Every structure is written in structure tokens, then in C-alpha cells.
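Below you'll find the structure, written out as C-alpha cells, and then a few comments.
2 protein chains.
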Amino acid sequence: MDEASFLEGYDPSDYPAVAVTVDVVALTIRDGRLSVLLVERGEQPFAGHRALPGGFVREETLGEAALRELAEETGLTPGAGDLERVHLEQLQTYGNPGRDPRMRVVSVAYLAFAPSLPEPTAGSDAARAYWVPVEEAKDLAFDHDEILADGLERARAKLEYTPLATAFTGPEFTIGELRQVYAAVWGEELHAGNFHRKVLSVPGFVESTGETTAKGGERGGPRAKLYRAGDARLLHPALLRPTREDRVR
Amino acid sequence: MDEASFLEGYDPSDYPAVAVTVDVVALTIRDGRLSVLLVERGEQPFAGHRALPGGFVREETLGEAALRELAEETGLTPGAGDLERVHLEQLQTYGNPGRDPRMRVVSVAYLAFAPSLPEPTAGSDAARAYWVPVEEAKDLAFDHDEILADGLERARAKLEYTPLATAFTGPEFTIGELRQVYAAVWGEELHAGNFHRKVLSVPGFVESTGETTAKGGERGGPRAKLYRAGDARLLHPALLRPTREDRVR
DNA sequence: GGAATAGTGTCTCTTAGACATTATCAG
DNA sequence: CTGATAATGTCTAAGAGACACTATTCC
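Residue numbers (the numbering used here), protein chains in the order written: chain R, 4 to 252; chain G, 4 to 252.
If you want it as C-alpha cells, here you go:
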């Protein structure tokens, strides 16, 4: 069977050419603040505006395209260990006519959770990319404000019932560091004592390394025990966000 | 700015032509069984196999394309009230090279929750479409087995924390009918008494109409009070599925 | 010593779920 | 009458969250 009969009844005027791209909402935590990777646009439209990194899909899976774009913009090389600990998942697809003024573009958005990565200044492409605290990421190009908002909501929800907070930390971490991840993503302080007991009570969330930090905290306090991610893929019971009575309607 | 400069650096050999389609996982409950709308394929590839309904995206939003495909296959007309109560949401996008043997096809999958709809035999297109209990929907064309599995998991999860079970019922329903929706989707019987009290305890899930059914149940029992969907968009606290200790790892 | 943090203990309130009970209706 | 269903009541165990407290370390 050839392409011609596949396109039987296909009238090009009914089905305009469609371009498929990927856009990446890459999140990390820098200086205790949840930050997103943005690129400065040099060309029209939206020249001078910031946008999510992204580009055309080549002969590769959609996930591979997203990882490639992320690597290009951060200057890091996939497979060299830098991006090994990045969690990548598909977010949603945005394809409204007119979202790009030039032509019909359907964009598959991906969400990436990364441990603290270096500021991308090395590569040529990466020179125009940088991390921005999410509350300062406004007025993005195209419909990227909406995509970012959807990505943030997904990230906040995922922390509740999956162990993905560990994707923002190094391979070993303290319970306090994990709590700071939750605080940064949710934008709320959490009760240290209750959080500590809760995390340890969820089977498979974290497992002890038997070691402790070499020193206490910067502002005092005892040495903390070190943990690594456990084998759970879902948290049961979940760590629910502090209840907003009114977020329901 | 024209399309040419948009495609600057665009080498057609690097970026093969991509077709964008929508596929719909339409779920309903028939005879107490969760069922999915399938179409019989008449052409290669996968001639004789069943597939999810779908087709090319035209000059419309992706959601409009999904609703249009659903309308064409069921023989129902959008805007005529038939499809008004259908809940539609984007599921995920599938775009692996090779998922369609003819050309690169990126398919945006949608998930539809519908109250019991008539068997589609009316329209011309619809003649080859029918509802199939989900446990009998195997060996579908392309990667539609995977898409269906993803859709089912999404549906099961959504019943936990959203009031979408009411999308499977008529505008007025009894608590028992609602419980049967949960039982059909989750594939498990639920304790009638606890379910009843739980549903009424969640603010905004259902609201009483003040009426009751005209008759008791077919096999006896008192008349049941009637309810309609409330204004909650999230269930708080959620109705969690019976715990599978082992579904976590 | 003073301040900050790690980790644990205690108490209360809410919820899930098992089970029981009463009332109502079909056959 | 018998059996099934609707609706409510009771009890227990688990978990969330508020608060208190001790131990350890930095400055």
C-alpha cells in the first residue's frame, strides 16, 4: 500500500500542511527557587520575547526530540551522564490554528525535571538560554505562558503521588533537602517534623544510605542522615498539598 | 515574516513530511460493562482489524477534530444535544516513527466519556462502528492497544479525584447508579453502604433534586433519591480505588 | 551561649472501611 | 413472605496536622 491510497480523498485545501514541533518545560531548582529554562528569541515573530526551548521533530521519537532540544539549549551532551538523571514526560499537545501566525504548527510539549544544572553559557545555541524563576517567567512567545502554567500544575500534582521530587536532587540527599524541593515547587513552607515522619513512613520512597552529611547545616544543626531514592513509583499514601478549600470549584 | 524564513535551515530530507491525526478513545457503559467505540478497518494496513476512530486534522482545533470524528462514527450530530453531555479531554500524543507503516503519522489521542449512546448503525460511516466491552478489545490496529490502555488508566484515575463519573450517567441519577459506574470502570464491586455515605460527604459532588425514582429497583428495594452533578471540579477528599499493595512498584 | 536544624513523641480530628441495622419495594 | 436494595449507624484503625521536646552543630 502506498502513500497515494492512504491519502485517498485527501484534498490539500482541506488539510493544510502541518508542522510538528516539540517544546520543553524544563524545571530545576536554583537557589531554592523553582526555575524554568527559557531562550531569547532573535527573530520574528515575538523577537526579543522569551520562549520555551523547542524545534522541529526529525526522524526520531517525540521524546528523543525533546531530549535533543534540551541538550542543545543547555549545552550538555546526552549520554555523557549530564542528562542521565533528567526525568522527561510528555505534557500535552497544543495545536490551535493561529497559535503560530506563520503556519499551522502542532507542538508536543514535554516536561523535564532536572537536578541543578549549570547555567548554559557554553555552546553556541545555548548562549541565548538561561534559567528564570517561574514567577518571573511572564509574557512568553506564542502560547507558551499557557504551556508553562500547565507544566507547573502537572509538576505540583506529580509531587503528591510520585517520588519525582528526587529527580530535583542529587543521587544522595537529606530529608531537609527533599523538603526544600517540595517547598520550592509548591511555593509553601512545610512543617519540618511532620514532613520528616511522613516521608519515612511511605514505603519505597527513600532508603537510607547509612551515611550522614560530613558537616551540619550552614546555620547550625546536627548532621543529617543521607538517603537515596527508593523503588516506589507511586507514593502510597500520597503527600497531599496543604488543603486550599477553594481550589476545588 | 513569511514561511520561507521560518523554515530557514529546514532541510526536507532531515524533516520528512508529517501527518497529524486525532484518535478517540470513546468510553461508555452498556449493560453494566465499560465499552469502547471501535471501527472495522476495510483497507490495508490492518484490514479486518479493529481500530480506534480517528482521522486527519483539518482547519479546526484538535479538540474539534476529535469531536467531529466521534460524531461521524456514532452518527450523532454535534450541537443537536446528543453529544452535549460528552466529556472530552486530550489523552496523549503518539508519534513513534514506524507506528504507521506508510508514513510518519503523529496522532493526538483524545479520551471521551459518554452516557449510554445508541448503537451506531444509522450513518454511512457509522455502519462499521460499534461498542465493544474493553476486555474484549484486543489486537487493535497500529499502536491502538497501547492508546486504549493509556486511556483506561486515565479514566480509572480520573474517577478518583474528579466527578467525571457523572459524565457516564443521565442528567439525574441515583447513588446506586453512580456506584455501578465506578464498579464498571474500576472492574471491582464497591461496598454499597460506605460508597453511599462517602459520595454524600464530598462537598459539591452531587446535589439532591428532591425527587425519587418512580419505582423501586427491578429486583426489589425502596425508591432511591435522585441527584444531579454538583459544582465541584475536584473531589476532596478523593474516592480512592481499593488499595492494591503491589500496584505501587 | 544563642540560634538553627534533625529527629522523635504526643495529642486530636478526620477518614476509610468492616459490619450491622432498619425501612421499603418487587415478585 | 422472601429477597434485594436504600439509607443510616457503629466501631476500629490509620493518617494528617498541630505542637512540644531533645540532641546536635554552627557562629
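For glycine and all other residues, C-beta sits at the position ideal for the given N, C-alpha and C. Note that this is a predicted model, so its numbers are computed, not measured.
Helix, strand or coil at residue i according to DSSP, with G and I counted as helix
| i | result |
| --- | --- |
| G/Gly196 | helix |
| R/Ser16 | Bear in mind that a pLDDT of 49 at R/Ser16, under 50, signals an unreliable position, so the model cannot answer this. |
| R/Gln183 | helix |
| G/Ser204 | helix |
| G/Val108 | strand |
| R/Lys161 | helix |
| G/Leu70 | helix |
| G/Leu120 | coil |
| R/Glu62 | coil |
| G/Leu151 | helix |
| R/Ala115 | strand |
| R/Ala50 | coil |
| R/Arg244 | coil |
Under 8 Å by beta carbon: chain R residues contacting residue i
| i | result |
| --- | --- |
| G/Pro245 | Residues of chain R passing the Cβ test: none, with the nearest at roughly 12 Å. |
Residue-level contact to chain G via CB, residue i, 7 Å cutoff
| i | result |
| --- | --- |
| R/Thr169 | no |
| R/Gln183 | no |
| R/Ala232 | no |
Residue i classed as buried or exposed, judged by whether at least 16 other C-beta atoms fall within 10 angstroms
| i | result |
| --- | --- |
| G/Ser38 | buried |
| R/Gly51 | exposed |
| G/Arg2 | Any question about residue 2 of chain G goes unanswered here, given that chain G covers just 4 to 252. |
| R/Leu238 | buried |
| R/Thr246 | exposed |
| R/Gly3 | This structure gives no information on residue 3 of chain R, because the portion of chain R shown stretches from 4 to 252. |
| R/Asp26 | buried |
| R/Arg182 | buried |
| R/Asp234 | exposed |
| R/Gln95 | buried |
| G/Val23 | buried |
| R/Thr212 | exposed |
| G/Thr80 | exposed |
Below-7 Å beta-carbon distance, residue i vs any chain R residue
| i | result |
| --- | --- |
| G/Leu242 | no |
| G/Gly12 | With a pLDDT of 48 at G/Gly12, under the threshold of 50, the predicted position of this residue should be treated as unreliable, and no value is reported. |
Contacts that residue i makes with chain G (C-beta to C-beta distance below 8 Å)
| i | result |
| --- | --- |
| R/Gly98 | Val23, Val60, Thr64, Leu65 and Val111 |
Boundaries (first-last residue) of the alpha helix (DSSP H) holding residue i
| i | result |
| --- | --- |
| R/Lys141 | Unbroken run through R/Lys141: none, as it is neither H nor E. |
Span of the beta strand (DSSP E) around residue i
| i | result |
| --- | --- |
| G/Leu238 | Unbroken run through G/Leu238: none, as it is neither H nor E. |
| G/Thr24 | Val21 to Arg33 |
| R/Leu91 | His90 to Tyr97 |
| G/Glu210 | Val209 to Thr215 |
| G/Glu43 | Arg36 to Glu43 |
| R/Ala132 | Ala132 to Pro136 |
| R/Arg231 | Lys228 to Ala232 |
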